[in-house]
Amino acid sequence: MTAKPDPLAAYNAKRDFARTAEPAGTLEPGKGNMFMVQKHDATRLHWDLRLEVDGVLKSWAVTRGPSLNPEDKRLAVRTEDHPLSYATFEGTIPKEEYGGGTVMLWDRGTWAPIAGKSAKDLEKGHLHFIVEGERMKGEWLLIRLKGRPKEKRENWLLRKIDDAHAGGSDTLVETALTSVATGRTMAEIAEGKAPSPSSPRTRRSSLGLSAAGQDKKKLGSRGRRNDGAMAGFEELQLATLVDSVPSGNQWLHEVKYDGYRALVATGGGAAKVFTRSGLDWTTKFSGIAEASTALPPALIDGEIVAFKRGKPDFSSLQAAIKDGGDMTLFAFDLLMLDGADLTTLPQVERKERLRGVLAECDDRIQFAEHVIGAGEQLFETMCREGYEGIVSKRIDAPYRGTRSKAWLKVKCTRRQEFVIVGWLPSSPRGRGFKSLLLGQHGDDGLVYAGKVGTGFDAAMMDMLMGKLGKLARKTATVDAPKAAVRGARWVTPRLVAEIAFAEFTPDNVLRHASFIGLRGDKAAADVRPERAEPAPPAPASNIKISSGDRVIFPGDGITKSELADYYAAVAGIALPWIADRPISLVRCPQGRAKQCFFQKHDAGSFGEQVHHVDIREKDGGTEPYLYIDSADGLRACVQMGTIEFHGWGSRVGDVEKPDRLVFDLDPDEGLDFEDVKRSALDIKRQLGDIGLASFAMLSGGKGVHVIAPLTPKAEWPEIKSFAERFCRALAHAEPDRYTATMSKAKRKGRIFLDWLRNQRGSTAVLPYVVRARPGAPVAAPVSWAELGDIDTPARFGLRDTAVLVERANGRGLKGWGVAEQVLPDL
Numbered sequence: 005m006t007a008k009p010d011p012l013a014a015y016n017a018k019r020d021f022a023r024t025a026e027p028a029g030t031l032e033p034g035k036g037n038m039f040m041v042q043k044h045d046a047t048r049l050h051w052d053l054r055l056e057v058d059g060v061l062k063s064w065a066v067t068r069g070p071s072l073n074p075e076d077k078r079l080a081v082r083t084e085d086h087p088l089s090y091a092t093f094e095g096t097i098p099k100e101e102y103g104g105g106t107v108m109l110w111d112r113g114t115w116a117p118i119a120g121k122s123a124k125d126l127e128k129g130h131l132h133f134i135v136e137g138e139r140m141k142g143e144w145l146l147i148r149l150k151g152r153p154k155e156k157r158e159n160w161l162l163r164k165i166d167d168a169h170a171g172g173s174d175t176l177v178e179t180a181l182t183s184v185a186t187g188r189t190m191a192e193i194a195e196g197k198a199p200s201p202s203s204p205r206t207r208r209s210s211l212g213l214s215a216a217g218q219d220k221k222k223l224g225s226r227g228r229r230n231d232g233a234m235a236g237f238e239e240l241q242l243a244t245l246v247d248s249v250p251s252g253n254q255w256l257h258e259v260k261y262d263g264y265r266a267l268v269a270t271g272g273g274a275a276k277v278f279t280r281s282g283l284d285w286t287t288k289f290s291g292i293a294e295a296s297t298a299l300p301p302a303l304i305d306g307e308i309v310a311f312k313r314g315k316p317d318f319s320s321l322q323a324a325i326k327d328g329g330d331m332t333l334f335a336f337d338l339l340m341l342d343g344a345d346l347t348t349l350p351q352v353e354r355k356e357r358l359r360g361v362l363a364e365c366d367d368r369i370q371f372a373e374h375v376i377g378a379g380e381q382l383f384e385t386m387c388r389e390g391y392e393g394i395v396s397k398r399i400d401a402p403y404r405g406t407r408s409k410a411w412l413k414v415k416c417t418r419r420q421e422f423v424i425v426g427w428l429p430s431s432p433r434g435r436g437f438k439s440l441l442l443g444q445h446g447d448d449g450l451v452y453a454g455k456v457g458t459g460f461d462a463a464m465m466d467m468l469m470g471k472l473g474k475l476a477r478k479t480a481t482v483d484a485p486k487a488a489v490r491g492a493r494w495v496t497p498r499l500v501a502e503i504a505f506a507e508f509t510p511d512n513v514l515r516h517a518s519f520i521g522l523r524g525d526k527a528a529a530d531v532r533p534e535r536a537e538p539a540p541p542a543p544a545s546n547i548k549i550s551s552g553d554r555v556i557f558p559g560d561g562i563t564k565s566e567l568a569d570y571y572a573a574v575a576g577i578a579l580p581w582i583a584d585r586p587i588s589l590v591r592c593p594q595g596r597a598k599q600c601f602f603q604k605h606d607a608g609s610f611g612e613q614v615h616h617v618d619i620r621e622k623d624g625g626t627e628p629y630l631y632i633d634s635a636d637g638l639r640a641c642v643q644m645g646t647i648e649f650h651g652w653g654s655r656v657g658d659v660e661k662p663d664r665l666v667f668d669l670d671p672d673e674g675l676d677f678e679d680v681k682r683s684a685l686d687i688k689r690q691l692g693d694i695g696l697a698s699f700a701m702l703s704g705g706k707g708v709h710v711i712a713p714l715t716p717k718a719e720w721p722e723i724k725s726f727a728e729r730f731c732r733a734l735a736h737a738e739p740d741r742y743t744a745t746m747s748k749a750k751r752k753g754r755i756f757l758d759w760l761r762n763q764r765g766s767t768a769v770l771p772y773v774v775r776a777r778p779g780a781p782v783a784a785p786v787s788w789a790e791l792g793d794i795d796t797p798a799r800f801g802l803r804d805t806a807v808l809v810e811r812a813n814g815r816g817l818k819g820w821g822v823a824e825q826v827l828p829d830l
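Just so you know, we're using the working numbering here: the sequence shown kicks off at 5 and counts up by one.
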């Protein structure tokens, strides 16, 4: 009898286990559908994708790493099967051995074929599967390419399917820089450094410099604080129903999810989940609470949903609540973080802060993505895909715990809540009821609103009959037409039902109603009719621009009004970076070619839309520094002759704790932009080696800014010391390319690594700011993937407004500038 071939024979034949720390290839009992990715710096850097199938790990070497962009097809070279024990391997393989180099456990989790498919599809040359990893998530596709003559390798393509987890081409490989198991960087693994006992985000660089100390000082945050303790319930902001999507870039638009509104409070390793009326439903949403315990102290607003065929479904959510099934929180607002009240911040800034908080979150909690402008297109897509509608929010509005017109909802189908006031019996031989009688509260009490007789299955009908029987009463609950309620059985009006319907008749009675489900999160007394109001017109600014036709960019014909309109149009994508940050203004009252000057203190002449924060100066006194928090604030500054906005590296809530590092690559006059781009990529790699993800921004001037966001914990002395030592180490290593000295004489033929932006009181130009230069170029975020194809730091200008907004809404810049990371040790 012929023995079955050993699936690990090739694996074992390639390795000398007396020399490599890799596990020997022995077959073990299956552990389920394991998935992992190992980042492997061998002959060339690649990412090894491994899926458990039939007791081994099927493996592919993905040369450029997994891409979240569905348009990318990444080459995945099939390699030998690996043993299941390889799933936890992390370390170094001797250089002279097969696969010699550093191996990091980069991702892990589980996988499964999509419904109707199986792992046997691999034999046919394709696999459509779902990944639940710590980094890779959602649907993916592996496709085998047709082999060429004498080709020994089996080449496949790995592609992301377009779903909620899709994103930019290199988002994952550029931001996920540390081990999911030990928190170490590739350099630390190569050095054999043990995982830090305190924090996996504490790093030591291979540059070999000593760490700086830090002087702990604390300033109060903007608004109230609760010192990091778990917050209690706050009244929720509610949306006004309108009949069409509001227009203009002053609105951001989100999907309207079909679920339960929830407020999640976190802190101290615990979490509570409140309904919109303040009920503590932590036990009913125990999975969401469990997933939230890893979050910092925060108060998060969102919607809890359950999925059916890939879409949120209210009936499935009710079943999940009853049976403890899977649920997901789509988080869309952040009211409090680390004890600081954020409700006064602009809507769009709160969302970007929330994105950072959720960057490494459990998959049960997801960030609710949005688009700026383009609301009508999103609405049409959601209606076509069978969603409930969209919610539109003013980008610069604060969070108010009431219903307001700063939040608007537009529905694809009409749905409202109604109180169940009675029921009509079915035929004598039937079971349950023929229809439910409904009402809503008006100015004079409960008013009859019609009936609903569809949308129930047998189980739902039995459940409802059990509840209705306990609420039975003899007298009519509402005044209704006798013909409509003949034979009715009345109940005390306590149950609230969500109903879909076509319209109200002239008598305010429902037509073509269908039952969706019961709502336990809203009191019957609060159920009132919702009438769609006309959508508001594009919001008019309170700031009038005088001398709007004055040309402020000579030779380009760009006027003061055009500049004001630009900043109004990009406010939604610019405010997350400009708002609530001490700023210095470049004012050019007579135009960019005339006498321009910096202004950082508030002289009281800008109006109420421009604010000030008192900041301690070196002499011990205080000065009022400028900051803004709205689109009108941007326009008010333009009205006063401002062209450029430069910001501190910290927020007004705590100016002593920076939230970013900025490295300004300033080339000598004779250098080409290609030199700058190569240097930017070099700095990105150097920062990545010590565990810091970074992002590129065209300065609109001569160079590129490399920006590394930070969780604001370290203070200015430590930030300055780190930036200086990092840049001087690079300049020392490559003195012909770089200088870390500002001197013009020492900059000749080199790129000045400007670390001086990272000291208290210094500023850097902010994203989407127009520069006071010929052509009105804009400081524009770009992805690392596209940087190589850009030929000038002035690639985008003021008249590229639509392009800049579209880019900001696209996959390529999804998550740009956001990462939860702390300052490493050097």
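Even for Gly, the Cβ is constructed at its ideal location relative to N, Cα and C.
Three-state class that DSSP yields for residue i in the structure shown
| i | result |
| --- | --- |
| S320 | helix |
| T458 | coil |
| A295 | helix |
| G142 | strand |
| G224 | Below a pLDDT of 50, predicted positions are generally treated as unreliable, and G224, at 31, falls in that range; the measurement from the model is reported next regardless. In the structure shown, G224 sits in coil (DSSP, three-state: anything other than H, G, I, E or B). |
| N159 | strand |
| E392 | coil |
| P739 | coil |
| A378 | coil |
| R729 | helix |
| W285 | coil |
| Y264 | strand |
| Y826 | As written in the sequence, residue 826 is Val, which differs from the Tyr given in the question. V826: coil per DSSP, three-state reduction. |
| V60 | strand |
| L358 | helix |
| K748 | coil |
| M331 | coil |
| S122 | coil |
| T563 | strand |
| D20 | coil |
Beta-carbon spacing of residue i, residue j below 8 Å
| i | j | result |
| --- | --- | --- |
| K750 | P716 | no |
| V614 | V414 | no |
| G832 | L79 | Because the chain in this structure spans residues 5 to 830, residue 832 falls outside the shown range and cannot be described. |
| Y629 | H650 | no |
| T106 | M38 | no |
| V774 | I647 | yes |
| L579 | D345 | no |
| Y264 | E307 | yes |
| A504 | I520 | yes |
| R54 | K62 | yes |
Residue i, buried or exposed, once every other Cβ within 10 Å from all chains shown has been counted against 16
| i | result |
| --- | --- |
| S431 | exposed |
| P781 | buried |
| R515 | exposed |
| M746 | exposed |
| K222 | Annotation note: pLDDT 29 at K222 (below 50); position unreliable, coordinate value reported separately. Exposed: under 16 other Cβ atoms inside 10 Å. |
| A22 | exposed |
| A469 | Looking at the sequence shown, residue 469 is not Ala but Met. Classification for M469: exposed. |
| D461 | exposed |
| S202 | Its pLDDT being 43, under 50, S202 is placed unreliably by the model, and the measurement read from it follows with that caveat. Exposed. |
| R226 | Because the pLDDT of R226 is 42, which lies under 50, any placement of that residue in the model is unreliable, and the number read from its coordinates should be weighed accordingly. With 16 or more other Cβ atoms within 10 Å, it is buried. |
| G129 | exposed |
| K35 | exposed |
| F437 | buried |
For residue i, the residue or residues it bridges with in DSSP
| i | result |
| --- | --- |
| F505 | R418 |
| A25 | DSSP, once it has assigned bridges, lists no residue as partnering A25. |
| W494 | G426, R477 |
Open item on the list: My parser needs the beta strand (DSSP E) runs of 3 or more residues fully inside the segment 608–693; what are they?
Closed with: 614–620, 626–632, 646–651, 664–671
Open item on the list: What ranges does the alpha helix (DSSP H) occupy inside the segment 757–820, keeping only unbroken runs of at least 4 residues that lie completely in it?
Closed with: 788–791, 805–813
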